[in-house]
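To start, the structure under review is shown below, and the notes come after it.
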Amino acid sequence: MEVKVKILRFNPETDKRPHYQTFRVEAEPTDRVLDLLEKIKGYQDGSLAFRRSCAHGICGSDAMRINGMNRLACKTLVKDLGKATITVEPLLGLPLIKDLIVDMEPFFEHYESVMPYLVNDEPPPLKERLQSPEERERFDDTTKCILCAACTTSCPSFWANGRYVGPAAIVNAHRFIFDSRDRAAAERLRILSDQFGVYRCHTIFNCTLACPRDIQITKAIGEVKKAIATGSLD
Amino acid sequence: MRFHQFDVVVVGAGGAGLMAALYASKTATTAVISKLYPSRSHTGTAQGGVGAALGNLEEDHPEWHTFDTIKGSDYLGDQDAIEFMCNEAVRAVYELEHMGLPFSRTPDGRIAQRPFGGHTNNITGKPVRRSCYAADRTGHMILQTLYQQCIKNNVTFFDEFQVLDLILVNGVAQGVVAIELATSEIHVFHANAVILATGGHGRIWKITSNAYALTGDGIAIALRRGLPAEDMEFFQFHPTGIYKLGILITEGVRGEGGVLINGQGERFMERYAPRVKDLASRDVVSRAMYLEMREGRGIDGKDYLYLDVRPETVNKFAALDGRTRPDGSPYRVTAEEILSKLPDIIDFCRTYLGIDPVQQPMPVQPTAHYAMGGIPTNRFGEVVIDEKNKVLPGLYAAGETACVSVHGANRLGTNSLLDLLVFGKYAGLKAAEYACQTQFHNLPKDVADFALEQLDSLRRCKGEGERVSVIAEEMKEVMMEHVGVFRTAEGMQQALTKLKELKERFRNLKLDDCGKVFNTELLNAWEIGNLLDLALVTTASALARKESRGAHAREDYPKRDDKNWLKHTLAWLEENGEVKLRYKPVVITKYPPKERSY
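Residue numbers (the numbering used here), protein chains in the order written: chain P, 1 to 234; chain C, 1 to 598.
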């Protein structure tokens, strides 16, 4: 079958503003949108720029807007879109660099701001620290994050003010706040109770819908809000 | 052009690179240069676990792990290095846990372990639970944990920088030349120690589990600087890639009781590996699958088979095998247990195949997966450059890029994550120790010229040449056809001729992008050039080795030949495009080579 792929193009070296360009591609219904982009780049226009690596939804490189929704191009199949024309645009809310590539630096700065690492200065035992399956389960969902930015760049609060840490950073804070081995929950909660922290979340749920890993992001943010409000992790 | 100076530079930010950076940065100024953001690295896609004889669920010993790895390597692995790795494994896994890695847990809160191919109880010969796992996303957790620790320890990152060349001054490593993707600006990193950790090169083949980024950059750079590559003919085909896509389905599926089924509904591995069956090592299983398909026993006669993890199938065969839980009760699973232990596999199947693996079997075929060969190193990660293991001062390599050799002719599942942890750590420690007691050499004025020449030769915009994607496709086809699971002299000779033709055509490309900002077309072309060089070296090494050992299976020489071929290949790529081969002995300590059966 032939598919039309309408891509928002922008070359900062020659273009004043972004414009759409439509390509016609021969495709199988089971092709990934990433396969279509590769066909265009490989055989029609080598200058098309996008990030990609693992091509199966684990590395988080190829988050973009596909038919208006934030998705991974490698996890979206032609048959799932059910339209003759597929529209592909860069993520919103981060500075556009070229075609489908946006500047990820602000996103990673927010990530780093929430202490996304285990803090525990007690001398470790000779073997593993013990953690029950229940304790491990408590933060399982938020360990799945691949830092693709699909959630943060789908959030209207983030669009309105880029200083908001955004859902991905909160997800990664949650992953440590609720880890029984960690000792810095109070500090992270203090960071997230800032004016650009969790209270910028207005439970719009765009993030949860956008997450390619099906993380219950709004729920996780809610749990962090509750921990701040009650001062308790239970 | 911009200049930077560090004691140590690490090239690549996967598991090996991050582990090296974490250790080097404790005592030396350290920069990590990576073409991807670290969290995009391919370590993140490893699924089933990291091998270590913790013995959390049953008796196990590092000595058993050592023997299994040597046997798995078809006796081509260096036994001193293997023993070192398997002894270090236990500490490495506890260390990761202390860094925060969220392992799955046993009911009493210890690290959970599962069986994996080729890992056995050395007394009974039965599979042993040695793979330490975090569901089926162990690699993701390792990559995340190491990246998190690097952030905590303020490691300096140069993300989205492509390293193009290695700087050697008077036979000593003195840094690297890189291009910044966002601007095309050239950066010279002057350093007393360079650690290459650029991962594998599975993109040589058509069906692969490997990311687009896995183009063997580190090995190609080293070859162009006159250094050898070791044992390149040994490339692992993982038995279970998703049909046509090549996406990895972890061996952990078989560890949890899944079985391979042919078109006649038969569990054929019983015929090839009577004791451990579906948990034989990967080379054995991939070959068995090819033979089944060649005999017309693929599903509907086609080139795929089923991997079946439906609870009724698992329970039927577990009962026939007499498999038990650690407490002695019969091994029986429910759909819920499968779902909780293999969530990502279930997700892949739903997304790409539209099937639910607890209700339907998965169509699979062998997929190019892992390079056993690479840049030769000793067990401290120091790069060695001849048959006598002469060290090149200041140059280190670790992870899939390197060949220690701990995997020999065939790697066991879970040993790749172990390799990158252990040798990443020691490369980092050694590099920092060396760099801090060494003076910088002056860099020559033309230090970036070789890198610039390579790009300029590709950058002939609006030329009459052909698209690089056409060349890449032809390379992948010919390598899959003739330098895959089974090989013959005739086929490999054809591949060699074809690769030389492709290298010639590669000199006349047509590129659309003449810009400086994220010129990914130019850099992709450079990467394809790397793959072509590695394909050539792989094929030449394979053609010369007239025996079958581990992943290198020749139909014209079906037997292992220890008398003539118990030795490592060293391959140099000469300037005229020819491959020069020499050999060095295998280190054998306690385990004399024996016939290998599962």
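Just so you know, even glycine gets a beta-carbon here, dropped at the ideal spot from N, CA and C. Here the structure is a predicted model, which is why all the values come from computation and not from measurement.
For Q47 of chain C versus T138 of chain C, is the C-beta distance shorter than 8 Å?
On the second sequence, position 47 is the one that residue 47 of chain C refers to. On the second sequence, position 138 is the one that residue 138 of chain C refers to. Contact: yes.
Do you know offhand how far R129 of chain P's Cα is from P38 of chain C's?
Your numbering for residue 129 of chain P matches position 129 in the first sequence. Your numbering for residue 38 of chain C matches position 38 in the second sequence. In this structure, the straight-line span from the alpha carbon of R129 of chain P to that of P38 of chain C is close to 27 Å.
For C74 of chain P, which of helix, strand or coil comes out of DSSP?
Position 74 of the first sequence, counting from 1, holds the residue named residue 74 of chain P. C74 of chain P falls in the helix class under three-state DSSP.
Out of C:E578, C:L570, C:Y591, point me to the one whose CA is closest to L227 of chain C's CA.
Taking the second sequence and counting its residues from 1, one reaches residue 227 of chain C at position 227. Nearest option by C-alpha distance: C:L570.
Strand pairing of F486 of chain C, partner residues [DSSP]:
Start at 1 with the first residue of the second sequence, and residue 486 of chain C comes out as number 486. Answer is C:A553.
Spatial distance of R51 of chain P from I97 of chain P (CA atoms):
The residue given as residue 51 of chain P occupies position 51 in the first sequence. The residue given as residue 97 of chain P occupies position 97 in the first sequence. One C-alpha to the other measures close to 12 Å.
Assign H42 of chain C to one of three DSSP states: helix, strand, or coil.
One-based indexing of the second sequence puts residue 42 of chain C at position 42. H42 of chain C falls in the helix class under three-state DSSP.
Is it true that the CB of R549 of chain C sits closer than 8 Å to the CB of D74 of chain C?
Counting from one through the second sequence, the residue named residue 74 of chain C turns up at place 74. Counting from one through the second sequence, the residue named residue 549 of chain C turns up at place 549. Yes, these two residues count as a Cβ contact at 8 Å.
Does the beta-carbon distance from G246 of chain C to I207 of chain C come in below 8 Å?
To locate residue 246 of chain C, count along the second sequence from 1; it is residue 246. To locate residue 207 of chain C, count along the second sequence from 1; it is residue 207. Closer than 8 Å, so yes.
Within-8 Å CB hit, S39 of chain C to chain P
Walking along the second sequence from the start, residue 39 of chain C turns up at place 39. For S39 of chain C, the closest Cβ of chain P is nearer than 8 Å.
Would you call the CB atoms of L22 of chain C and L146 of chain C closer than 8 Å?
Against the second sequence, residue 22 of chain C aligns to sequence position 22. Against the second sequence, residue 146 of chain C aligns to sequence position 146. Yes, these two residues count as a Cβ contact at 8 Å.
Cβ-based neighbour list, K546 of chain C, same chain, cut-off 6 Å, excluding 5 preceding and 5 following:
Position 546 of the second sequence, counted from the first residue, corresponds to residue 546 of chain C. Around K546 of chain C: Y557.
Grouping DSSP H, G and I as helix and E and B as strand, with all else coil, what is D159 of chain C?
Counted from its first residue, the second sequence places residue 159 of chain C at position 159. Assigned with DSSP and collapsed to three states, D159 of chain C falls in strand.
Taking 8 Å as the threshold (C-beta atoms), are A398 of chain C and L420 of chain C in contact?
Your numbering for residue 420 of chain C matches position 420 in the second sequence. Your numbering for residue 398 of chain C matches position 398 in the second sequence. Taking C-beta atoms as the reference points, L420 of chain C and A398 of chain C count as a pair closer than 8 Å.
Does the beta carbon of N42 of chain C sit closer than 8 Å to a beta carbon anywhere in chain P?
Here residue 42 of chain C refers to the residue found at position 42 when the second sequence is read from its first residue. Checking the sequence shown, residue 42 of chain C turns out to be His, not Asn. Answer yes: the Cβ-Cβ gap between H42 of chain C and chain P drops below 8 Å somewhere.
Cα separation between R163 of chain P and Q148 of chain C?
Here the question's residue 163 of chain P lines up with position 163 in the first sequence. Here the question's residue 148 of chain C lines up with position 148 in the second sequence. Straight through space, the alpha carbons of Q148 of chain C and R163 of chain P are spaced by roughly 22 Å.
Identify the residues that DSSP records as bridge partners of R32 of chain P: which are they?
Reading the first sequence from its first residue, position 32 is the one you call residue 32 of chain P. According to DSSP, which records beta bridges pairwise, R32 of chain P is partnered with P:L77.
Could you name the residues of the same chain whose beta carbon sits closer than 8 Å to that of L458 of chain C, not counting the 5 residues immediately before and after it, in chain order?
Along the second sequence, read from residue 1 onward, the residue named residue 458 of chain C stands at position 458. Cβ within range, chain order: L509, L511, L522, A525, W526, G529.
K152 of chain C touches chain P at which residues, Cβ-Cβ below 9 Å?
Taking the second sequence and counting its residues from 1, one reaches residue 152 of chain C at position 152. Annotation: Cβ neighbours of K152 of chain C in chain P (cutoff 9 Å, chain order): M115, P116, Y117, L118, V119.
Amino acids of chain C, ordered along the chain, whose beta-carbon sits closer than 8 Å to that of R129 of chain P:
Position 129 of the first sequence, counted from the first residue, corresponds to residue 129 of chain P. Ordered by position in chain C, the residues that pass the 8 Å Cβ test against R129 of chain P are E97, H98.
Identify the residues that DSSP records as bridge partners of Q113 of chain C: which are they?
Taking the first residue of the second sequence as position 1, residue 113 of chain C is located at position 113. Its beta-bridge partners are C:C132.
Short-range partners of chain C found in the stretch 79-93 of chain P, where Cβ spacing is below 8 Å:
Here the close residues number zero.
Look at the alpha carbon of L143 of chain C and the alpha carbon of V32 of chain C, and state the distance between them as a whole number of angstroms.
If you number the second sequence from 1, residue 143 of chain C lands on position 143. If you number the second sequence from 1, residue 32 of chain C lands on position 32. Pairing L143 of chain C with V32 of chain C, the inter-Cα distance amounts to about 14 Å.
How big is the Cα-Cα spacing for N389 of chain C and D78 of chain C?
Along the second sequence, one-based indexing puts residue 389 of chain C at 389. Along the second sequence, one-based indexing puts residue 78 of chain C at 78. Roughly 13 Å between the two C-alpha positions.
Checking the sheet assignment: what are the DSSP bridge partners for M362 of chain C?
Counting from one through the second sequence, the residue named residue 362 of chain C turns up at place 362. Answer by DSSP bridge pairing, in chain order: C:L307.
Taking the DSSP output, what are the residues bridged to T377 of chain C?
Here residue 377 of chain C refers to the residue found at position 377 when the second sequence is read from its first residue. Per DSSP, C:V383.
Does DSSP classify R105 of chain C as helix, strand or coil?
Locating residue 105 of chain C in the second sequence gives position 105, counting from the first residue. Three-state DSSP puts R105 of chain C in a strand.
So, with DSSP's three-state summary, where would you put V165 of chain P?
In the first sequence, the residue the question calls residue 165 of chain P occupies position 165. It is coil, neither helix nor strand.
How many whole angstroms separate the CB atoms of S154 of chain P and N67 of chain P, which I take to be in contact at a CB cut-off of 8 Å?
Here the question's residue 154 of chain P lines up with position 154 in the first sequence. Here the question's residue 67 of chain P lines up with position 67 in the first sequence. Approximately 13 Å separates the beta-carbon atoms of S154 of chain P and N67 of chain P; this is outside 8 Å, ruling out the contact.
Closer than 8 Å by beta-carbon distance: list the chain C residues that pair up with R188 of chain P, in chain order.
Translated into the one-based positions of the first sequence, residue 188 of chain P becomes position 188. Ordered by position in chain C, no residue passes the 8 Å Cβ test against R188 of chain P, which lies about 13 Å from the chain.
Beta-carbon proximity of V478 of chain C to M492 of chain C, cut-off 8 Å:
Translated into positions along the second sequence, residue 478 of chain C becomes position 478. Translated into positions along the second sequence, residue 492 of chain C becomes position 492. No.
When Cβ atoms are compared, which residues of the stretch 473-497 of chain C fall closer than 7 Å to chain P?
Within the stretch 473-497 of chain C, no residue has a Cβ that lies closer than 7 Å to any Cβ of chain P.
Can you list, in chain order, the residues of its chain whose CB lies under 7 Å from that of E223 of chain P, leaving out five sequence neighbours each side?
For this step, residue 223 of chain P is matched to residue 223 along the first sequence. Once the five neighbours on either side are set aside, the close Cβ partners of E223 of chain P are H174.
Shortest alpha-carbon distance to D159 of chain C belongs to which of C:E95, C:P363, C:I179?
The count along the second sequence starts at 1 and reaches residue 159 of chain C at position 159. Nearest of C:E95, C:P363, C:I179 to D159 of chain C, Cα basis: C:I179.
How many angstroms separate the CA atom of P330 of chain C from the CA atom of L320 of chain C?
Counted from its first residue, the second sequence places residue 330 of chain C at position 330. Counted from its first residue, the second sequence places residue 320 of chain C at position 320. About 11 Å.
Compute the distance between the beta-carbons of L496 of chain C and T539 of chain C, then report whether it is under 8 Å.
Taking the second sequence and counting its residues from 1, one reaches residue 496 of chain C at position 496. Taking the second sequence and counting its residues from 1, one reaches residue 539 of chain C at position 539. Yes, they are a contact pair.
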